[in-house]
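Engineer: Sequence order for the protein chains is A and B. The numbers in the working numbering rise by one with no breaks, and the one at position 88 of the first sequence is 88. The numbers in the working numbering rise by one with no breaks, and the one at position 35 of the second sequence is 166. Glycine is no exception: its CB is placed at the ideal position from the N, C-alpha and C atoms.
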Amino acid sequence: MRELNIGPASEFDDPGRKIIAFDGVEVGVFKLGDAFTAYFNHCPHMGGPACQGKIIAKVDEAIAPDRTSKGMIFSKTQTNMVCPWHGYEFDIRTGVHPGNARMRLRPVKVHLSTDGDVIVTLPDARERPAA
Amino acid sequence: MLERTPQQFRELQEITIKSDTRDILAHATKQAESFEDYFLVDIDAHVTETQFWNEILACIDNDVIRQMAHGQQLRPGQGATALLNTVPGMSYQHVYGRIPHQAALAEVVEEPGAHHFTTLARRSMDALGLDYQIVFPTPMLTLGMHPQDEIEAAISGGYNRWLIERILPEDDRLKGMLYLPFNSPDACVELVEKYAAEPAIIGFTVTSTRNKPVHHNNYMRLYSLIEESGKPLAFHSGFNWSDPSFLQLNRFISMHAISFVHYSLIHMTNWIINGLPERFPKLKLLWVESGLAWIPYLMQRLDHEYQMRTCEAPMLKRLPSEYMRDMFYTSQPLEKSNLKILQCTMEAFNADTQLLYASDWPHWDFDPPSSITMLPFLADQAKRNILGLNAARLFGLEVKRTRPRAADVLASRPGVS
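#1: Kindly indicate the opening and closing residues of the alpha helix (DSSP H) around Ala489/B.
#2: When the cut-off is 7 Å and only beta carbons count, does Phe22/A lie next to chain B?
#3: Enumerate, from N- to C-terminal direction, the unbroken beta strand (DSSP E) stretches of 3 or more residues contained entirely within the region 231-300 of chain B.
#4: Measure how close the beta-carbons of Lys343/B and Asn381/B come, nearest whole angstrom, since I'm counting them as under 8 Å.
#5: Sort out for me which residues DSSP pairs Ile63/A with in a bridge.
#6: When the Cβ atoms of the region 61-81 of chain A are set against those of the region 119-131 of chain A, are three or more pairs found closer than 8 Å?
#7: Please specify which runs of the alpha helix (DSSP H), each continuous and at least 4 residues long, are wholly inside the region 178-213 of chain B, giving them in chain order.
#8: Pick out whichever of Asp173/B, Phe411/B, Leu274/B, Thr476/B has its Cα sitting closest to the Cα of Arg534/B.
#9: For His158/B, would you say it is in contact with chain A, using Cβ-to-Cβ distances shorter than 7 Å as the test?
#10: Would you say Val82/A reaches chain B, if we count a Cβ-Cβ gap shorter than 7 Å as a contact?
#11: Would you tell me roughly how many angstroms separate the C-alpha atoms of Ala237/B and Ala211/B, rounded to the nearest one?
#12: Hey, is Arg440/B's beta-carbon within less than 7 Å of any beta-carbon in chain A?
#13: Could you check what DSSP says for Tyr227/B in three-state terms: helix, strand or coil?
#14: From Arg229/B, Leu215/B, Pro219/B, pick the residue whose C-alpha is nearest to that of Ile56/A; which is it?
#15: Short of 8 Å in beta carbon distance, which residues of its chain neighbour Pro464/B, apart from the five on each side in sequence? Order them along the chain.
#16: At a Cβ threshold of 7 Å, is Pro231/B touching chain A?
#17: Tell me where the alpha helix (DSSP H) around Met1/A begins and ends.
#18: Touching or not, the region 204-223 of chain B and the region 323-332 of chain B, by the rule of three or more beta carbon pairs under 8 Å?
#19: Taking the beta strand (DSSP E) that Thr338/B falls in, what are its first and last residues?
#20: Which bits of chain A does Trp495/B rub up against, with CB to CB less than 8 Å?
#21: Could you tell me the alpha carbon to alpha carbon distance between Ile92/A and Val108/A, rounded to whole angstroms?
#22: Kindly say whether Lys54/A, judged by its beta-carbon, lies nearer than 7 Å to any beta-carbon of chain B.
#23: Is it true that the region 253-263 of chain B meets the region 304-319 of chain B, where meeting means three or more beta-carbon pairs spaced less than 8 Å apart?
#24: Would you grab the beta carbon distance between Ser462/B and Asp434/B for me? Rounded to a whole angstrom, and I think it's under 8 Å.
#25: Would Gly99/A be called buried (16 or more neighbouring beta carbons within 10 Å of its own) or exposed?
#26: So with CB distances below 9 Å, who are the chain A contacts of Arg141/B?
#27: So Arg106/A and His97/A are in contact, right, with Cβ under 8 Å, and what is the actual spacing, rounded?
#28: Whole angstroms is fine: what's the gap from Ser398/B's alpha carbon to His367/B's?
#29: Please classify Leu414/B: does DSSP put it in a helix, a strand, or coil?
#30: According to DSSP, is Leu530/B part of a helix, a strand, or is it coil?
#31: Taking 7 Å as the CB-CB cut-off, is Gly47/A touching chain B?
#32: Would you say the beta carbon of Lys31/A comes nearer than 6 Å to a heavy atom of the ligand GTP?
#33: Given that Pro499/B touches chain A, what residues does it touch there, using C-beta distances under 7 Å?
#34: Against chain B, with Cβ distances strictly below 7 Å, would Ala9/A count as a contact?
#35: Note the first and the last residue of the continuous alpha helix (DSSP H) segment covering His435/B.
#36: On the DSSP bridge list, what partners appear for Thr121/A?
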């Protein structure tokens with residue numbers, strides 16, 4: 001494993017991200033609120049660059065108590081990244097597809113240093129997703 | 132063992148409509164490193180012809196219709212859709228901006244001496260690892276629903292001329308299928324007579340989104356000519372939200388999931404039940420862009436009913452499924468959420484010899500070649516057949532490597548790891 005300092009946390013927007021390429025591996029590092037998460041830039045669907053797409057709130061459907069639909073609304077609690085190849089969405093906090101819990105991005109360890117830098121722990125080559 | 136590293140990393144950027152095709156598809160290029168020795172043919176890729184609409188309109192022979200088009204273009208916002216029956220405000224394929232390459236390929240193109248589209252096509256071929264790519268139009272896929280037959284005929288004439296004279300001569304890796312204005316059988320015959328011998332035209336296309344019975348006697352002369360040419364006839368499916376049944380569907384996903392298959396089911400059924408395989412035994416048929424799951428459904432359903440109602444299909448000498456097994460199919464969009472079902476589906480129509488890989492690039496539900504190479508139940512030879520050798524057999528393409536090495540494509544892109 002290797003630790004990689006990708007810069008100060010203060011450089012990130014909220015929500016925001018950096019996608020880094022290092023030693024043949026690509027990792028998307030995301031900030032949402034106070035939390036940092038990181039994933040391999042590899043969509044479990046077909047291997048697309050999942051971390052390089054749009055960041056957008058999940059779409060929900062508002063259902064009234066009488067079970068009638070009141071239309072589509074943006075979630076106030078869930079923000080997704082969208083794989084630009086085919087539109088697969090993944091919750092930035094969990095890496096999980098909103099409609100298929102088995103479809104999930106592979107997480108990468110990330111933490112903040114005492115200096116406020118974002119540190120990514122890159123696994124060895126054999127633990128990385130195949131192309 | 133944890134190692135702290137001081138090395139520099141590179142930052143990758145968000146993919147937008149301005150991203151270079153080779154960067155969008157960089158991961159597909161990495162995948163292509165694992166099948167460098169395969170011969171690859173993409174049967175179904177698309178040009179967004181409205182991006183070059185002025186060039187195509189200029190190729191329309193009829194000067195009245197050409198003037199109509201130019202007159203239409205005076206209206207703000209109609210420069211790229213003049214005469215077309217598309218509904219631009221409902222082109223939802225890109226999932227409201229979530230899939231940028233479907234919204235637009237607005238990348239920088241500065242290659243001197245090449246048409247803008249040729250450059251885009253070369254980038255996609257190089258990035259996906261393709262030796263040949265067959266070009267189909269996009270908004271024109273719904274032209275069969277145009278209420279004015281003469282407009283379909285005029286536009287298709289302009290498009291065919293543009294493709295044959297302007298695009299295909301630029302790169303031997305690009306091939307075309309002649310668009311047939313199927314609502315005007317005589318115009319189809321004229322086009323086939325004019326262009327059938329063009330080397331870069333390797334077949335003929337009927338866009339399936341239309342309400343024309345393929346067994347009508349008006350088409351027999353056309354099918355005879357195509358059969359004589361030795362080149363295949365393709366039915367390329369599409370969607371049509373205006374169909375009365377589909378007007379009940381309130382979301383694009385619902386309509387899109389059903390509409391492509393709907394038209395393939397209708398045209399295939401008419402083709403089989405009216406005995407066209409017996410009337411044109413040497414005519415090679417290819418079914419494009421409906422996925423595969425509809426094939427075993429229709430095989431079973433038609434076999435079941437045919438054996439009870441044989442008197443309604445007196446031309447047939449075999450089961451409907453046997454005729455369907457003689458035909459060819461393209462792979463995209465490959466349904467693969469259940470691999471057992473996909474395996475059975477492929478066995479049902481002898482995919483090893485009858486299936487042809489298609490990417491559908493740059494559309495939103497495109498399949499890279501890895502959609503085939505990653506299938507665990509296919510033997511290596513079957514993968515090679517599907518990805519290129521079946522196409523070489525059907526279209527008479529020379530099996531030769533024309534693409535650069537994947538590693539070289541990646542090395543030419545500084546923004547790719």
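Structural biologist: Walking through what the data contain:
#1: Against the second sequence, residue 489/B aligns to sequence position 358. Segment: none, Ala489/B is in no alpha helix (DSSP H) and carries neither H nor E.
#2: Indexing the first sequence from 1 puts residue 22/A at position 22. Cβ-Cβ to chain B under 7 Å: yes for Phe22/A.
#3: 263-267
#4: By one-based count along the second sequence, residue 343/B stands at place 212. By one-based count along the second sequence, residue 381/B stands at place 250. Not really, about 28 Å apart at Cβ, beyond 8 Å.
#5: Position 63 of the first sequence, counting from 1, holds the residue named residue 63/A. Ser69/A.
#6: no
#7: 184-189, 194-203
#8: For the purposes of this step, residue 534/B is identified with residue 403 of the second sequence, where counting begins at 1. With distances taken between Cα atoms, Arg534/B lies closest to Asp173/B.
#9: Taking the second sequence and counting its residues from 1, the one referred to as residue 158/B is at position 27. Closer than 7 Å to some Cβ of chain A, the Cβ of His158/B qualifies, so yes.
#10: Looking up residue 82/A in the first sequence gives position 82. It does; some Cβ of chain B falls within 7 Å.
#11: Within the second sequence, the letter at position 106 stands for residue 237/B. Within the second sequence, the letter at position 80 stands for residue 211/B. If I take the Cα positions, the gap works out to 15 Å.
#12: On the second sequence, position 309 is the one that residue 440/B refers to. No, Arg440/B does not count as interfacial toward chain A.
#13: Residue mapping note: residue 227/B aligns to position 96 of the second sequence, counting from 1. Coil, per DSSP.
#14: As a working mapping, residue 56/A is identified with position 56 in the first sequence. Considering only alpha carbons, the answer is Arg229/B.
#15: Along the second sequence, read from residue 1 onward, the residue named residue 464/B stands at position 333. Excluding positions up to five away in sequence, the list reads Glu420, Gly422, Asp491, Asp496, Asp498.
#16: Position 100 of the second sequence, counted from the start, is the residue given in the question as residue 231/B. Interface residue, yes.
#17: As a working mapping, residue 1/A is identified with position 1 in the first sequence. No alpha helix (DSSP H) holds Met1/A; DSSP gives it neither H nor E.
#18: no
#19: Position 207 of the second sequence, counted from the first residue, corresponds to residue 338/B. Unbroken beta strand (DSSP E) run through Thr338/B: 332-338.
#20: Taking the second sequence and counting its residues from 1, the one referred to as residue 495/B is at position 364. By Cβ distance, chain A contributes His86, Gly87.
#21: As a position in the first sequence, residue 92/A is number 92, starting the count at 1. As a position in the first sequence, residue 108/A is number 108, starting the count at 1. Cα to Cα, the separation comes out at about 13 Å.
#22: On the first sequence, residue 54/A is found 54 positions in, with the first residue counted as 1. Judged by the 7 Å Cβ criterion, Lys54/A is in contact with chain B.
#23: yes
#24: As a position in the second sequence, residue 462/B is number 331, starting the count at 1. As a position in the second sequence, residue 434/B is number 303, starting the count at 1. Rounded, the Cβ-Cβ distance is 24 Å, inconsistent with contact.
#25: The residue given as residue 99/A occupies position 99 in the first sequence. Exposed, by the Cβ-count rule.
#26: Along the second sequence, read from residue 1 onward, the residue named residue 141/B stands at position 10. The contacting residues are Ile20, Ala21, Phe22.
#27: Looking up residue 106/A in the first sequence gives position 106. Looking up residue 97/A in the first sequence gives position 97. Arg106/A to His97/A, Cβ: 13 Å. No contact.
#28: Along the second sequence, one-based indexing puts residue 398/B at 267. Along the second sequence, one-based indexing puts residue 367/B at 236. It should be noted that the sequence gives His, not Ser, for residue 398/B. Approximately 11 Å between the Cα atoms of the pair.
#29: Position 283 of the second sequence, counted from the first residue, corresponds to residue 414/B. Residue state, collapsed to three classes: coil.
#30: Reading the second sequence from its first residue, position 399 is the one you call residue 530/B. Here residue 530/B is Val; the residue named in the question, Leu, does not match the sequence. Of the three classes helix, strand and coil, the one that applies to Val530/B here is coil, per DSSP.
#31: One-based indexing of the first sequence puts residue 47/A at position 47. Output row for Gly47/A: interface = yes.
#32: Because no ligand of any kind appears in the structure shown, any question about the ligand GTP cannot be addressed here.
#33: Working through the second sequence from its first residue, we reach residue 499/B at position 368. By Cβ distance, chain A contributes Met46.
#34: Here residue 9/A is taken as the residue at index 9 of the first sequence, counted from 1. Not one chain B Cβ lies under 7 Å of Ala9/A.
#35: Here residue 435/B refers to the residue found at position 304 when the second sequence is read from its first residue. Residues 425-437.
#36: If you number the first sequence from 1, residue 121/A lands on position 121. Glu3/A, Lys109/A, per the DSSP bridge assignment.
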